[in-house]
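Remarks on the structure that follows.
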Amino acid sequence: MDDLRHLFRRAADHAADYRLSLPDRPVGVPVDQAALTRAFAGPLPDAPTPPEQVLAELVAAAEPGLVASAGPRYFGFVIGGALPAATAADMLAAGWDQNAFNAVASPASVAAETVAGTWLKELLGIPATASVGFVTGGQAANTAGLAAARHQVLTDAGWDVERRGLTGAPAVRVFAGAERHATVDRSLRLLGLGTDALRAVPVGPQGAIDPDALAAALRDAGPGPTIVCLQAGNVNTGACDDLRRACGLAHRYGGWAHVDGAFGLWAAASPATRHLVDGLAAADSWACDGHKWLNLPYDTAFAFCARPDAHAAAMSLAAAYLVGSGGVPAGADLTAESSRRARGLAVWAGLRELGRDGVAALVERCCALARRFADGLTAAGFEVVNDVVLNQVLVGFGDDARTDRVVAAVQADGTCWAGGTTWRGRRLMRISVSNATTTEADVDRSVAAIARLAR
């Protein structure tokens, strides 16, 4: 027993030491991936290894390859940090080792998901009657929402897709903006609808879907099973679709409106940004990440559905050995997973730590810091090409080759980390301000480093 206690404490100490080092350690440095793999390599041992030795070996092997993505100057991929209480709760989840399959397997896990799901819906303005599936990320959330959409639009057409499959089914049309996230396309492939089902709708100057073009596309398509996939937070610019008008159009033509809101849906949590996602409650399903802007540990995301019956019809399972759970909904009936990590514990802890005002303040602070980033880079003579409405900043440094050189130099320097992207045919640096610990000083230090490296 003492050995186990000591082992767990050592692991917690290592985690805390790493987290406390983040403000000072290089954010991104070149790594020899082959050498890193060799540090983990070697033959599988025949004999057992003492757990404390295993932990020490793991820390030594992994440390050189850890990216400071949880730190205050990491601005890549819309990756947030992890709140202290949520991180500690995730440690407990590992120690408790619960299977959140249903309320028989883990009553506490299901209770945490139930309450956290209610809080999430309140924060985001999603109808209280909506179902919530706790999933791994935006990909899984989009797939669940579009699976529910597939079920409903084909049911409305008289086709039972869960029983009959897609062979011989009426064709489903999926209308989405030309700058949709790639996870939408992959969801359509996974669901058997295929990317040929997509009807790419033109977008406006900042990448939001053009409502007039959507109206024309729906009108021209004529009757038939229809899904309209919208976006809250363009992955490059942060722009949000006109959800009120687009959802109204989807419903006017008998379709289902799904919102991919991986990070942008959190605009709804702040009075200062809520107008950007006005009308989101009119949608039929929503995808949203927790491990991005809410700063929850990986992997945490949510699939919401205004039609719980469609959600469950698309995702639920039934097996003779499953024991009833007294009428308590099973999380496994709302996701593609059966055995499930108890993600709801960290979600509950993170929301309890921040509260409603804390979530709003987090959103507002990141947006303000993104504007500070844009102002600083503009003052330094560089071109910010997007309207900074949320936490995304796109900046160019001249021609594509020079921009790529600047991005590579920033990533190698270690002061901060930002990624490259291609938008409207141009290579650009993409900066995402998503971490709860980022300060004005972090932004100013990063702007100075980027300006120095771009000269």
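Residue numbers (the numbering used here): 13 to 467.
Cβ coordinates follow ideal geometry from the N, Cα and C atoms, glycine included.
Query                                                                                                        : Result
Cβ contact check for the region 343-362 and the region 113-126: 3 or more pairs under 8 Å                    : yes
F385 - DSSP class collapsed to helix/strand/coil                                                             : helix
Own chain, CB closer than 7 Å to L363, minus 5 neighbours either side, in chain order                        : A128, W131
Whole-angstrom distance between R22 and D15, CA atom to CA atom                                              : 10 Å
In DSSP terms, what D301 is bridged to                                                                       : A313
For W131, the first and last residue of its enclosing beta strand (DSSP E)                                   : Unbroken run through W131 is the alpha helix (DSSP H), 119-136; no beta strand (DSSP E).
Cβ neighbours of D254 in the same chain (closer than 6 Å, five flanking residues each side left out)         : P223
Residue from T427, T434, M103, P60 with nearest C-alpha to Y310                                              : M103
G92 classed as buried or exposed, judged by whether at least 16 other C-beta atoms fall within 10 angstroms  : buried
Unbroken stretches of the beta strand (DSSP E), 3 residues or longer, contained in the region 190-217        : 210-213
One or two residues paired with C378 in a DSSP bridge                                                        : Its beta-bridge partners do not exist; DSSP assigns none.
Beta-carbon separation (whole angstroms), D502 vs G149, contact threshold 8 Å                                : For the chain, the structure presents residues 13 to 467; residue 502 sits outside this window and is missing.
Pairwise C-alpha distance: T167 and A324                                                                     : 14 Å
G437 Cβ short of 7 Å to the ligand MN heavy atom set                                                         : This structure lacks the ligand MN, and indeed carries no ligand of any kind.
Proximity winner among L200, L178, H193, relative to V186 (alpha-carbon distances)                           : L200
Every unbroken beta strand (DSSP E) within the region 399-441, with a cutoff of 3 residues, ordered by chain : 404-408, 431-435
Backbone CA spacing between G336 and V116 [nearest angstrom]                                                 : The predicted model places G336 with a pLDDT of 48, which falls under 50 and marks its position as unreliable; any figure quoted below should be read in that light. Taking the straight line joining both Cα atoms gives about 8 Å.
Inter-residue spacing [alpha-carbon to alpha-carbon] between D232 and A28                                    : 58 Å
When W435, T449, V397, F385 are compared against A463, the one with the closest alpha-carbon                 : F385
Backbone CA spacing between L334 and F316 [nearest angstrom]                                                 : Bear in mind that a pLDDT of 49 at L334, under 50, signals an unreliable position, so the number given afterwards is only what the model happens to contain. If I take the Cα positions, the gap works out to 25 Å.
Whether V165 touches I239 by CB criterion (8 Å)                                                              : yes
Inter-residue Cα distance where the pair is T99 and Q151                                                     : 23 Å
F113 classed as buried or exposed, judged by whether at least 16 other C-beta atoms fall within 10 angstroms : buried
C-alpha distance - N398 paired with G266, whole-angstrom precision                                           : 34 Å
Nearest candidate by alpha-carbon position, reference R37, set V71, V271, G83                                : G83
For G273 and A299, believed in contact at Cβ under 8 Å, the rounded distance                                 : 6 Å
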